[in-house]
Amino acid sequence: MARKTSVLEFSVSPALAKEYERLAEREGMTKSDLFRRMVVTYKAKREEKEFVALQRKMARRARTIGVLTEEEV
20 MARKTSVLEF
30 SVSPALAKEY
40 ERLAEREGMT
50 KSDLFRRMVV
60 TYKAKREEKE
70 FVALQRKMAR
80 RARTIGVLTE
90 EEV
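Take the position in the sequence shown, starting the count at 1, then add 19; the result is the number in our numbering.
Okay, structure coming up:
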């Protein structure tokens, strides 16, 4: 049967590895679960930053053409 997960390997400092292990233990989850949660959180923060940047850009553009209120949008 085909594997449904992938094994990743990467290097970190011993101090960071220990901190990561303590964090997973403190959160009551496996290191794999913590890593998955970290990736999901990172992606959400990145998407939020992209949305805010787009919102600012479009707000400037809207003001330039005279659209000032939600109703005018």
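All C-beta atoms in this analysis are idealised placements derived from N, C-alpha and C, irrespective of residue type, glycine included.
Among the candidates the options, whose CA atom is the shortest distance from the CA of residue i?
i   : options            : result
T24 : E90, G47, R55      : R55
L27 : K50, V92, T88, L35 : K50
Is DSSP giving residue i helix, strand or coil here?
i   : result
V71 : helix
K23 : coil
E90 : coil
E66 : helix
For residue i, which residues of its own chain have a beta-carbon under 7 Å away from its beta-carbon, when the five flanking residues on both sides are left out?
i   : result
A21 : none
Problem set entry | Ordered list of alpha helix (DSSP H) runs contained in the stretch 32 to 58, each at least 4 residues | 33 to 46
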